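Q: Pasting in a structure now, in structure tokens, and then I'll have a few things to ask.
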């Protein structure tokens with residue numbers, strides 16, 4: 267019957283890892299409220315005809331449902347009479363990506379339509395690792411998401427910088443390690459930019475280098491300040507109030523005390539950063555764990571809120 271038509275979106279549906287996805291499907295509504303006589307709704311995977319969800323004889327029929335979708339699907343049964351045959355899939359995972367077929371049949375006719383589902387995962391808050399050397403230092407970020415993100419390291423004039431990036435896939439995620447080598451004699455401010463186009467996610471991490479005043483080290487001591495800008499779907503998630511509150515927790519007296527302790531102490535990580543070899547100071551406003559690796563190979567794990575007072 268020409269008037270009986272099943273409709274699905276023409277554009278792919280982007281399903282987010284761990285969340286739920288609603289695969290829209292509609293057919294002509296009936297005049298009276300209630301399940302239409304002889305109604306049959308079936309969702310299948312196009313590639314191998316696996317049954318994702320079935321409804322007939324007035325109730326869900328899941329005996330032939332693929333185990334891959336067990337306890338993860340449902341129809342909006344109370345809305346079937348309005349022509350809503352949409353399917354909800356929970357706990358989205360990588361294998362849910364692909365082509366789906368929605369078939370609807372009742373006393374008025376039968377029709378079917380295909381739609382595409384794409385899988386994506388937001389990239390996590392990048393972890394920062396700094397490896398400090400005598401002549402150069404490596405600034406490295408680690409994060410994971412899906413699909414592969416566009417990676418850019420940018421200089422102070424927004425010029426692209428040569429860098430190293432590696433993606434490894436596992437369990438529905440790409441694990442990204444990206445790094446840039448900074449020459450200690452030629453330092454300039456840099457930034458990392460990650461783009462996940464499927465989710466309109468943009469992560470920007472800015473690294474600022476400046477000389478520590480009063481340094482007696484001929485190699486020039488460094489201060490590294492990491493300011494974080496996280497833009498997801500057009501929302502800036504950085505909270506400027508956080509840095510202000512953290513600043514109130516550390517008095518000027520405590521900073522001066524840190525200076526008096528000097529570099530003679532064993533390397534460690536505390537608010538002023540004094541005692542770290544070559545007086546590397548890390549100031550961070552971010553989430554995640556930060557590590558500072560000195561030229562001697564010592565790894566100094568730091569929590570971001572420890573350094574927030576420098577923002």
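In the numbering used here, the protein residues as written are 267 to 577.
In this text, a Cβ means the ideal position worked out from N, Cα and C, and glycines have one as well.
As the structure is a computational prediction, the values presented were derived from the model and not from experiment.
(1) Nearest to residue 299 by CA position, among 439, 345, 399, is which residue?
(2) Can you look up residue 334 in the DSSP assignment and give me helix, strand or coil?
(3) Mark residue 356 as exposed unless 16 or more other C-beta atoms lie within 10 angstroms of its C-beta, in which case mark it buried.
(4) Using the Cβ count rule (16 or more neighbours within 10 Å means buried), how would you classify residue 411?
(5) For a quick check, are the C-beta atoms of residue 373 and residue 304 less than 8 Å apart?
(6) Within the chosen definition, does the segment 416 to 427 reach the segment 389 to 403 through at least 3 CB pairs nearer than 8 Å?
(7) Starting from residue 271, follow its DSSP beta bridges and name the residues at the other end.
(8) I need the boundaries of the beta strand (DSSP E) containing residue 402, first residue and last residue.
(9) I want to know whether the segment 383 to 400 touches the segment 314 to 323 - three or more CB-CB distances under 8 Å.
(10) What is the DSSP secondary structure of residue 287, reduced to helix, strand or coil?
(11) Go through its chain and collect everything with a Cβ distance to residue 342's Cβ below 7 Å, but skip five positions before and after it.
(12) For residue 344, write down the residues that DSSP places opposite it in a beta bridge.
(13) Is residue 420 near the ligand FAD, judged by its Cβ being under 7 Å from some heavy atom?
(14) Tell me the DSSP secondary structure of residue 306 in three-state form.
(15) From residue 282 to residue 452, what distance separates their C-alpha atoms?
(16) Rounded to whole angstroms, what's the CA-CA distance from residue 555 to residue 454? Just pull it up for me.
(17) Go through its chain and collect everything with a Cβ distance to residue 306's Cβ below 6 Å, but skip five positions before and after it.
(18) Let me know if residue 467 comes out buried or exposed under the rule of 16 or more other beta-carbons within 10 Å of its beta-carbon.
(19) DSSP state of residue 360, grouped into three classes?
(20) So the beta strand (DSSP E) residue 448 belongs to, where does it begin and stop?
(21) Look up residue 427 in the DSSP assignment and say whether it is helix, strand or coil.
(22) For residue 394, report the span of its beta strand (DSSP E) as first-last.
(23) I'd like to check one pair, residue 432 with residue 443: are the Cβ atoms closer than 8 Å?
A: In terms of the structure at hand:
(1) 345
(2) helix
(3) exposed
(4) buried
(5) yes
(6) no
(7) Residue 271 pairs with nothing; no bridge assigned.
(8) 402 to 411
(9) no
(10) strand
(11) 350, 352
(12) Partner(s): none; residue 344 has no beta bridge.
(13) This structure lacks the ligand FAD; in fact it carries no ligand of any kind.
(14) strand
(15) 42 Å
(16) Per-residue confidence for residue 555 stands at a pLDDT of 42, beneath the threshold of 50, marking its modelled position as unreliable; no derived number is given.
(17) 322, 371
(18) buried
(19) helix
(20) 439 to 449
(21) coil
(22) 393 to 398
(23) yes
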